[in-house]
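Protein sequence lines correspond, in order, to chains X and U. Counting along the first sequence from 1, when you hit position 268 you're at 268 in this note's numbering, and nothing is skipped either side. Counting along the second sequence from 1, when you hit position 57 you're at 1057 in this note's numbering, and nothing is skipped either side.
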Amino acid sequence: MGCMATTESFVLAIGTKKGLWLATSRDRKQWSFSGPHFLMSEIPSIGIDTRDGRTRIMVGVRSEHWGPTVAHSDDLGATWTEPEQGAIMFPEDTGAAVERIWQIYPDSESRPGVVWAGAEPISVWKSTDGGEHFELNRGLWDHPHRSEWGAGYGGAAAHSIVVNPAGDNVHIAMSTGGVYRSLDGGTSWEARNKGISARFNPDPYPEFGQCVHKIAADAAVEGRLYAQNHHGVYRTDDNGEHWESIADGLPADFGFVMLTHPRREGTAWVVPLKADGERIPPEGKLAVHRTDDAGATWKRLATGLPEGEYNSVLRDAAGVDSAEPAGVYFGTRGGAVYASADEGDTFAEVVSHLPDVLCVRAAVVAGAGLPEPRIPETAAAQGA
Amino acid sequence: MPDISVVLPSILQPLAGGQSILTAPADGPVTVGKLLDSVTGGYPVLARRLRDETGALRRYVNIYVDGDEVRRLQGLETEVADGQEVLIIQSVAGG
């Protein structure tokens, strides 16, 4: 034929309050599911690492009874490995214990094996062995602001990590504390919240203390990031030195989600909620909003989404894949997950009636050799 | 030498090689904390399920010595001796 078909497969991972579900697809329409994995443990964080020619799924697992841990699978959930000595463990001198892993963030192709994690209590961790063992970031742990950081409704955690693939810039967001930036790969950290409001604070524009819900980087513009704040949607074009509002055109400036396009300049997605006191979609109508001009204008996207939706979408319950066009995925606290294969123009329900969705991640796996996910050998085994 | 036995709930038994009872030698009274050190020494994942990295018993893990929950006794400093039964049971939690 003289032409080789390129085949892509897609992996979708859904972390919920009571376990993990995995799905694969060839077309982002028909999905084959397995799960629940880690039944009765919540899965607040997922990282899908497709570097090094493998697909490694890392999950933060937390049991009410048996505590938090990190596990990984290299075979789409058929088997899980939990490092014997624990992947994330506070050193003895800190006197601290991990409560919950909020974020697992594989670094870029240029730093193979490097994976970052954010946790509660507020802490950042870095692995250089593909997420099997993490080291505590001491610069942030010993930060002089620590005693003044607070807890959001969900706990005090570093929940967002954005690493510049080309350099040593790292931005994190914590609730509450706001955005902190490192220019030296995580050795030292400075608050970078100028222009971000903290309306629950007597001083509405403090140096730090904001409740920034999520940050994401523009993949095509150096130094540009976007933030969904506890009321307020912002953009910075100078690496966090100043933030300006891009909330005009949105029906509400509250929400948790901030997603950016894997390649294209100026494209980001949010899922507005009415207000902090009314955490439902505006008018009870679920919609995603996308900007293609870095926040100057927003387009409401609701095709395929239900009207009459009163569940919220949590900060990590949304993700994008890296296909062309990019896929957009999100789940609700009502246990429904929606997928779009056209950057949000149209959505379709992938699954419904799961427990509260806490984390959604999707990835493209090249080639046609992706096996369907298999039912785990023992569904109830939390790392057993 | 006499032994002290620790009875595991079924959900944790896979983390102890499938055993339901772990035993530690006891030539005298030993604290529950030391007993846990001894019986979980070879099973670090099991150890983490029971106690966090500061050594604190996880909130919803209950340990009973002859029917009494150790938080009502001296916690992990509670002493046990040969012939006493130590039970690990998860408490009611979650929704």
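Glycine included, every Cβ here is placed at the ideal spot set by N, Cα and C.
Taking 8 Å as the threshold (beta carbon to beta carbon), is Glu1053(U) in contact with chain A? Annotation note: the requested chain A is absent from the structure, which comprises protein chains X and U.
Euclidean distance between Cα positions of Gly383(X) and Pro355(X): Because Gly383(X) carries a pLDDT of 40, less than 50, the predicted location of this residue cannot be relied on, and no value is offered for it.
Near Lys17(X), what residues of its chain come up, given a Cβ to Cβ distance below 6 Å and the 5 sequence neighbours on each side ignored? Glu42, Pro355 and Asp356.
Gly1033(U) - containing alpha helix (DSSP H), residue span: First-last of the alpha helix (DSSP H) with Gly1033(U): Val1032 to Thr1040.
So, for Gly1067(U): in the same chain, excluding its five sequence neighbours on each side, which residues have a beta-carbon less than 7 Å away from its beta-carbon? Cβ within range, chain order: n/a, list empty.
Separation of Asp316(X) from Ile358(X), as counted between CA atoms: For clarity, residue 358(X) is Leu in the given sequence; the question names Ile instead. Using only the alpha carbons, I get a separation of about 6 Å.
Kindly indicate the opening and closing residues of the beta strand (DSSP E) around Val288(X). First-last of the beta strand (DSSP E) with Val288(X): Val288 to Thr291.
Thinking C-beta only, is Ala339(X) closer than 8 Å to Arg28(X)? The beta carbons of Arg28(X) and Ala339(X) sit closer together than 8 Å.
Inter-residue CB distance, Ser45(X) and Trp102(X) (contact presumed, cutoff 8 Å): About 6 Å; that satisfies the 8 Å criterion.
Rounded to the nearest angstrom, what separates Ser312(X) and Gly209(X) at their Cα positions? Their backbone Cα atoms lie some 24 Å apart in a straight line.
Rounded to whole angstroms, what's the CA-CA distance from Tyr329(X) to His145(X)? Just pull it up for me. Those two C-alpha atoms are separated by around 35 Å.
Ser1020(U) to Pro204(X) span [Cα, whole Å]: Their backbone Cα atoms lie some 57 Å apart in a straight line.
Rounding to the nearest angstrom, what Cα-Cα distance links Gln1084(U) and Thr1078(U) in this structure? Spanning the two alpha carbons is a distance of roughly 12 Å.
Between the region 113–120 of chain X and the region 45–63 of chain X, are three or more C-beta pairs nearer than 8 Å? Three or more Cβ pairs closer than 8 Å define a contact, and the region 113–120 of chain X meets that threshold against the region 45–63 of chain X.
Presumed contact (8 Å Cβ cut-off) between His391(X) and Val1061(U), rounded CB distance: Residue 391(X) falls outside the range modelled here, since chain X spans only 1 to 384, and no answer is possible.
Taking Cβ-Cβ distances shorter than 7 Å, what residues in chain U pair up with Gly67(X)? Ordered by position in chain U, the residues that pass the 7 Å Cβ test against Gly67(X) are Arg1048, Arg1049, Asp1052 and Arg1058.
State the DSSP-derived secondary structure class of Arg235(X), mapped to helix, strand or coil. Of the three classes helix, strand and coil, the one that applies to Arg235(X) here is strand, per DSSP.
Under 8 Å between C-beta atoms of Gly195(X) and Glu244(X): Closer than 8 Å, so yes.
Residue environment, Ala366(X), which counts as buried when at least 16 other CB atoms sit within 10 Å: By the neighbour-count rule (16 or more Cβ atoms within 10 Å), Ala366(X) is not buried but exposed.
Alpha carbon to alpha carbon, how far is Thr24(X) from Phe465(X)? Give it in angstroms, no decimals. Because chain X spans 1 through 384 in this model, residue 465(X) falls outside it and cannot be assessed.
Under three-state DSSP, which class holds Asp1003(U)? Collapsing the DSSP output to three states places Asp1003(U) in a strand.
Assuming the contact rule is C-beta atoms closer than 8 Å, Ile1063(U) and Val1092(U) should be a hit. Round their C-beta distance to whole Å, please. Approximately 15 Å separates the beta-carbon atoms of Ile1063(U) and Val1092(U); this is outside 8 Å, ruling out the contact.
Going by the DSSP bridge assignment, what does Trp116(X) pair with across the sheet? Answer is Tyr105(X) and Lys126(X), bridged to Trp116(X).
Can you find a CB in chain U that lies within less than 8 Å of the CB of Ala227(X)? Chain U, which has no Cβ nearer than 8 Å to the Cβ of Ala227(X), makes this no.
Could you tell me which chain X residues have their CB closer than 8 Å to the CB of Val1061(U), listed as they occur along the chain? Within 8 Å Cβ-Cβ: His65 and Trp66.
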